[in-house]
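These notes are about the structure you will find just below.
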Amino acid sequence: STASAEPASPPAAVAPTSSSPIPTIDAFHAGLLGIMKDAKTLGFQGRIDKLAPLLSRTFDLDFMASKTVGRHWATLSAADKKRWAETFTRFTTANYAGRFTGFTGEQFVTLGVEDAARDTRLVRTKIVVPNDQPVELNYRVMLRDGQWRVIDVYLNGKVSELALRRSEYASALKRDGFEHLVASVETKIADLKKKGLTEG
């Protein structure tokens with residue numbers, strides 16, 4: 701059989717067995733390492749500017765945004781969905797800029813891939829930290845238009861970032877409403893920036 705799929709065959713049916721998500725994660729880690737090595741020179745805003753295209757290439761941020769508010773997503777207007785996706789994306793970018801503030805010899809190591817639920821895969825990796833315990837970091841990926849995209853990150857290998865955000869955001873949306881939720885996340889972004897601008 702040839703490498704080019706026939707139009708009649710659904711891409712999702714053949715792609716998971718014929719392509720690996722590892723290059724997507726390796727490229728993301730290479731990008732992160734570059735930002736970490738230049739972190740001090742770039743400063744907080746510089747890291748955001750570099751991270752924004754890297755994250756949008758690697759993560760399905762719109763999908764993740766929809767999942768962080770749970771069933772409430774269906775009740776939002778198209779304009780509010782767009783606004784929430786933009787707010788979530790800016791928060792995620794600022795959060796990464798606040799996390800990766802320098803380089804002390806860390807290495808990203810990809811350990812392997814496992815099949816996961818609902819046609820997703822789990823890419824298992826770890827960050828090797830000099831003179832410290834390695835940090836397990838696993839990525840759940842899904843095919844989107846023929847590209848592997850991250851839809852969740854498991855901190856310490858097990859803690860779903862999406863689940864953490866959903867427990868926080870969905871309850872805030874139910875309790876206080878959409879405008880208050882957006883305002884609270886905007887405050888978090890501002891706090892991250894303030895902290896980033898005063899970093900030593």
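Start counting the sequence shown at 701; every next residue gets the next number (the numbering used here).
The beta-carbon is built from N, C-alpha and C at its ideal position, and this holds for glycine as well.
Range covered by the beta strand (DSSP E) that runs through residue i
i: alanine 816; result: 807–816
i: aspartate 852; result: 847–855
i: asparagine 831; result: No beta strand (DSSP E) holds asparagine 831; DSSP gives it neither H nor E.
Residue from the options whose Cα sits closest to the Cα of residue i
i: glycine 812; options: Lys895, Thr898, Glu836; result: Glu836
i: valine 859; options: Asn838, Val823, Gly731; result: Asn838
i: phenylalanine 803; options: Asp780, Val829, Ala794, Lys750; result: Val829
i: phenylalanine 878; options: Val823, Arg799, Tyr854, Ala785; result: Ala785
i: valine 885; options: Leu755, Gly731, Ala765; result: Ala765
i: tyrosine 854; options: Gly846, Val769, Ala863; result: Ala863
i: aspartate 762; options: Gln833, Arg844, Ile722; result: Arg844
i: arginine 866; options: Phe788, Leu755, Arg783; result: Phe788
i: leucine 776; options: Arg821, Gly857, Ala739, Val882; result: Val882
i: serine 720; options: Arg824, Ala739, Gly734, Met736; result: Arg824
i: glutamine 847; options: Arg757, Thr810, Gly798, Pro834; result: Arg757
i: glycine 798; options: Lys750, Ile722, Arg771, Ile827; result: Lys750
i: asparagine 856; options: Pro834, Asp876, Gly743, Arg790; result: Pro834
i: glutamine 889; options: Leu755, Ile748, Gly805; result: Here residue 889 is isoleucine; the residue named in the question, glutamine, does not match the sequence. The shortest C-alpha separation from isoleucine 889 is found at Ile748.
Inter-residue Cα distance where the pair is residue i and residue j
i: threonine 717; j: glutamine 807; result: Legend: pLDDT at threonine 717 = 48, less than 50; position of this residue unreliable, value from coordinates given subsequently. Going from the Cα of threonine 717 to the Cα of glutamine 807 covers about 28 Å.
i: aspartate 726; j: alanine 816; result: 19 Å
i: phenylalanine 759; j: threonine 801; result: 20 Å
i: asparagine 831; j: glycine 731; result: 23 Å
i: valine 841; j: glutamate 899; result: 33 Å
i: alanine 779; j: lysine 767; result: 17 Å
i: histidine 880; j: threonine 793; result: 21 Å
i: arginine 818; j: proline 723; result: 21 Å
For residue i, the first and last residue of its enclosing alpha helix (DSSP H)
i: threonine 820; result: Looking at the DSSP string, threonine 820 is not in any alpha helix (DSSP H); the run it does join, the beta strand (DSSP E), is 820–828.
i: aspartate 891; result: 878–897
At 4 residues or longer, what runs of the alpha helix (DSSP H) sit wholly inside the region 735–806?
739–758, 761–768, 778–799
Kindly confirm or deny that the region 891–900 and the region 866–881 touch, where touching means at least three C-beta pairs closer than 8 Å.
no
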